[in-house]
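Working notes, beginning with the structure itself.
There are 2 protein chains.
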Amino acid sequence: MSDRRSLSFVSLVGIPEVAPGADLAEMHLAAAEQTGLELTGGVLVICQKIVSKAEGRLVNLPEVEPTAEALRIAEEHEKDPRHIEVILRETRRIVRRSHGILICETHHGFVCANAGVDLSNTPADEMAILLPIDPDASAQKLRNELIERGAGPLAIVITDTFGRPWREGLVDIAIGSAGIAPIEDLRGQGDRRGRELVVTTPATVDALAAGAGLLMGKAAGTPSVWVTGIPLIGDGSVAEDLVRDPSTDLFR
Amino acid sequence: MSDRRSLSFVSLVGIPEVAPGADLAEMHLAAAEQTGLELTGGVLVICQKIVSKAEGRLVNLPEVEPTAEALRIAEEHEKDPRHIEVILRETRRIVRRSHGILICETHHGFVCANAGVDLSNTPADEMAILLPIDPDASAQKLRNELIERGAGPLAIVITDTFGRPWREGLVDIAIGSAGIAPIEDLRGQGDRRGRELVVTTPATVDALAAGAGLLMGKAAGTPSVWVTGIPLIGDGSVAEDLVRDPSTDLFR
Chain A
0 MSDRRSLSFV
10 SLVGIPEVAP
20 GADLAEMHLA
30 AAEQTGLELT
40 GGVLVICQKI
50 VSKAEGRLVN
60 LPEVEPTAEA
70 LRIAEEHEKD
80 PRHIEVILRE
90 TRRIVRRSHG
100 ILICETHHGF
110 VCANAGVDLS
120 NTPADEMAIL
130 LPIDPDASAQ
140 KLRNELIERG
150 AGPLAIVITD
160 TFGRPWREGL
170 VDIAIGSAGI
180 APIEDLRGQG
190 DRRGRELVVT
200 TPATVDALAA
210 GAGLLMGKAA
220 GTPSVWVTGI
230 PLIGDGSVAE
240 DLVRDPSTDL
250 FR
Chain B
0 MSDRRSLSFV
10 SLVGIPEVAP
20 GADLAEMHLA
30 AAEQTGLELT
40 GGVLVICQKI
50 VSKAEGRLVN
60 LPEVEPTAEA
70 LRIAEEHEKD
80 PRHIEVILRE
90 TRRIVRRSHG
100 ILICETHHGF
110 VCANAGVDLS
120 NTPADEMAIL
130 LPIDPDASAQ
140 KLRNELIERG
150 AGPLAIVITD
160 TFGRPWREGL
170 VDIAIGSAGI
180 APIEDLRGQG
190 DRRGRELVVT
200 TPATVDALAA
210 GAGLLMGKAA
220 GTPSVWVTGI
230 PLIGDGSVAE
240 DLVRDPSTDL
250 FR
């Protein structure tokens, strides 16, 4: 019989609007204090938007010159050609294009709508937000800065909201992480009757992202959630551990 | 600025091994008491396995006669033909077949490995567990029985562990639910700057499933998790609200 175990997810209050160059570490230490939390022994789950804004991953649409390809796709799908142009720049390969939806493989290897380029919750109209260039590095940097200033041990998970094939609705998934193994490898362990569990590899950081997403309603102004109750075991990166190698991918 | 909000996930202790015909409602009321929880104002997230066992969705492999098709597929992938036969019976359509993996669309419309037919954590060797026939109805039945015996208000989410295209690792998703809207529909609401959020429809029950999965390690004997902090708004079913209509599905 197993013991009672529990997880706690708490939204941080007091994260202000984030501008390029913002000090996310300072911001989170202040917000944690205001929320009555100590950033020790848990996982800080952060919405990609504030990371992208702090890193200046913003594009002014009036400054974008659409290529002929962007113009063609935009006309076909009745979209803003400048938005399409920004999407194409972030795209390694268009995976599907239909019903006015572009499913793209980003340069990171993520497969998502519009290559993660978003026009909502931007600092200004006529602006697009791109995904961070290297979300694992962004997570590692924030983790280091928090630890330098006295927080930790802790892990960081950076999330975005993705659709899924075959399922309606959106869930948050991890696009970057630091300080925790993205996948818990149970292979080789037995099940309750001692038989080997062949493919049981829980994607811990994706589950953390999804759970934290329950407190991160798009319009709620809650970009950061503190999770406790998860053992901080291992390390790794989303890009290396979670993005599936095309050679073993049945849907690429 | 938003208020501090929090979610709590607690694993129920004292759920015994489940046999066909088991009274899941009674079992969960007793386990909740033992855990020090009242099943009121929250979401009870339950692993599919104990629901399937209680409903007798078990197949003795020695009694299975593989068809010619099952024998052919089993030989090609070096699998047990009786396992393949059970998978094919649960399958509406094979979506992908490669690397020894069968990705199937079940009669419910779920797309997952082996049509959800599992050989691990079974009550006996040489046994397969199938998904419940109608997981939404299973959730509704358990909810009604719990409420009849004094629990509630509460919602039920029944989960299974699925792989995903493009991502390594597994996450738990909802295969049935009752007492909560599977998808929170934010369409028509504005973002923080008042622009319409066009496609923001969080799959609440999938996020609950993923978060609860963090406490449900396959081998841990923790099939049930109690979640509080989620508003119990709306109702619906996974089959109708979350399974994507093939006509709008780009990956079917």
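If you read the sequences in order, they're chains A and B. If you're matching positions, the first sequence starts at 0 in numbering that gives the first Met the number 0 and goes up one per residue. If you're matching positions, the second sequence starts at 0 in numbering that gives the first Met the number 0 and goes up one per residue. All C-beta atoms, glycine included, are put in the ideal place defined by N, C-alpha and C. Predicted model, so just to flag it, every value in this text is computed and none were measured.
Sequence-distant residues of its chain with Cβ nearer than 6 Å to residue 58 of chain B (five each side left out) = Excluding residues within five positions, the ones whose Cβ falls inside 6 Å are 85 and 127.
Quick one: does residue 158 of chain B have its CB under 8 Å from some CB of chain A?
-> For residue 158 of chain B, no Cβ of chain A is located within less than 8 Å of the residue's own Cβ.
With distances taken Cα to Cα, identify the nearest neighbour of residue 46 of chain A among A/36, A/23 and A/96.
-> Closest by alpha carbon: A/23.
Would you say residue 29 of chain A touches the ligand PLP, meaning its beta carbon is less than 7 Å from a heavy atom?
-> Looking for the ligand PLP in the displayed structure turns up nothing, as the structure carries no ligands at all.
Compile a chain-ordered list of the residues in the segment 83 to 99 of chain A whose CB is closer than 8 Å to at least one CB of chain B.
-> Taking 8 Å as the Cβ-Cβ cut-off against chain B, the residues of the segment 83 to 99 of chain A that qualify are 95, 97 and 98.
Classify residue 224 of chain B as helix, strand or coil using the three-state DSSP reduction.
-> Here residue 224 of chain B sits in strand by DSSP.
Is the segment 69 to 85 of chain B close to the segment 139 to 158 of chain B, with three or more CB pairs under 8 Å?
-> Contact annotation: the segment 69 to 85 of chain B does not touch the segment 139 to 158 of chain B, with fewer than three C-beta pairs closer than 8 Å.
Can you tell which of A/19, A/62 and A/236 has the C-alpha that lies nearest to the C-alpha of residue 48 of chain A?
-> That would be A/19, whose Cα lies nearest to the Cα of residue 48 of chain A.
Closest residue to residue 239 of chain A among B/166, B/146 and B/232 (Cα-Cα distance) | Answer by Cα proximity: B/166.
Would you check if the segment 104 to 124 of chain B and the segment 169 to 181 of chain A touch, i.e. whether three or more CB-CB distances between them fall below 8 Å?
-> Counting Cβ pairs under 8 Å, fewer than three are found: no touch.
Are residue 137 of chain B and residue 50 of chain B touching if we call contact CB-CB under 8 Å?
-> Using a Cβ distance threshold of 8 Å, residue 137 of chain B and residue 50 of chain B count as a contacting pair.
Using 8 Å as the limit for Cβ to Cβ distance, is residue 56 of chain B near chain A?
-> No - not a single Cβ of chain A is within 8 Å of the one on residue 56 of chain B.
Indicate the three-state DSSP secondary structure (helix, strand or coil) for residue 95 of chain A in the structure shown.
-> Strand at residue 95 of chain A.
Cross-strand partners of residue 59 of chain A (DSSP beta bridge) = DSSP lists A/126 as partners of residue 59 of chain A.
Residue 157 of chain A (DSSP reduced to helix, strand or coil) | Of the three classes helix, strand and coil, the one that applies to residue 157 of chain A here is strand, per DSSP.
Closest to residue 11 of chain B by CA distance: which of B/235, B/33 and B/184 is it?
-> Selected option, being the one with the closest Cα: B/33.
In or out: residue 236 of chain A buried (at least 16 other Cβ within 10 Å) or exposed?
-> The residue is buried, with at least 16 neighbouring Cβ atoms inside 10 Å.
Should residue 62 of chain B be labelled buried (16 or more other beta-carbon atoms within 10 Å of its own) or exposed?
-> It counts as exposed.
8 Å Cβ cutoff met for residue 168 of chain B and residue 182 of chain A | Contact flag set, yes.
Terminal residues of the continuous alpha helix (DSSP H) containing residue 50 of chain B?
-> Taken as a continuous stretch (DSSP letters only), the alpha helix (DSSP H) holding residue 50 of chain B covers 47 to 53.
Where residue 99 of chain B falls, given that 16 or more other Cβ within 10 Å makes a residue buried = It is exposed - the Cβ of residue 99 of chain B has fewer than 16 other Cβ atoms within 10 Å.
Taking only the alpha-carbon atoms, compute the straight-line gap between residue 135 of chain A and residue 89 of chain A and give it to the nearest angstrom.
-> The alpha-carbon atoms of residue 135 of chain A and residue 89 of chain A are separated by roughly 17 Å.
Near residue 73 of chain A, which residues of its chain fall below 6 Å by C-beta distance, leaving aside the five closest residues on each side in sequence?
-> Closer than 6 Å at the Cβ level, and outside the excluded window around residue 73 of chain A, lie 80 and 83.
Tell me which same chain residues have a C-beta within less than 8 Å of the C-beta of residue 60 of chain A, skipping the five on either side of it?
-> Around residue 60 of chain A, the same chain offers 79, 81, 82, 85, 125, 126 and 127 as residues with beta carbons nearer than 8 Å, after the five sequence neighbours per side are excluded.
Is the Cβ-Cβ distance between residue 145 of chain B and residue 38 of chain B less than 8 Å?
-> Against a cut-off of 8 Å, the Cβ pair of residue 38 of chain B and residue 145 of chain B comes out as a contact.
For chain B, is any of its Cβ atoms less than 8 Å away from the one on residue 128 of chain A?
-> No, residue 128 of chain A does not count as interfacial toward chain B.
Those residues which DSSP pairs with residue 115 of chain B across a bridge | Paired residue(s): none; residue 115 of chain B is not in a bridge.
Contact set between residue 142 of chain B and chain A, taken where Cβ atoms lie within less than 8 Å = Going along chain A, no residue has its Cβ under 8 Å from residue 142 of chain B, so there is no contact; the nearest lies around 20 Å.
Residue(s) in a DSSP beta bridge with residue 104 of chain B = The beta-bridge partner set that DSSP reports for residue 104 of chain B consists of B/92 and B/110.
So with Cβ pairs under 8 Å, would you call residue 5 of chain B a contact of chain A?
-> Between residue 5 of chain B and chain A, the shortest Cβ-Cβ separation is below 8 Å.
By DSSP, does residue 167 of chain B sit in helix, in strand, or in coil?
-> Residue 167 of chain B falls in the strand class under three-state DSSP.
Count the other CB atoms within 10 Å of the CB of residue 97 of chain B; is the residue buried (16 or more) or exposed (fewer)?
-> The residue in question, residue 97 of chain B, is exposed, as its Cβ has fewer than 16 Cβ neighbours within 10 Å.
Is it right to say residue 247 of chain B is buried, meaning 16 or more other beta carbons lie within 10 angstroms of its own, or is it exposed?
-> Counting other Cβ atoms within 10 Å of its Cβ, residue 247 of chain B stays below 16 and is therefore classed as exposed.
Which residue's Cα is closest to the Cα of residue 213 of chain B: A/221, A/213, A/225 and A/229?
-> Looking at A/221, A/213, A/225 and A/229, the one whose alpha-carbon comes closest to that of residue 213 of chain B is A/229.
To the nearest angstrom, report how far apart residue 225 of chain A and residue 143 of chain A are at their CA atoms.
-> Annotation: residue 225 of chain A to residue 143 of chain A spans about 17 Å, alpha carbon to alpha carbon.
Kindly list, in the order they appear in chain A, the residues whose Cβ is closer than 8 Å to that of residue 166 of chain B.
-> Going along chain A in sequence order, the residues near residue 166 of chain B (Cβ under 8 Å) are 172, 202, 205, 241, 242 and 243.
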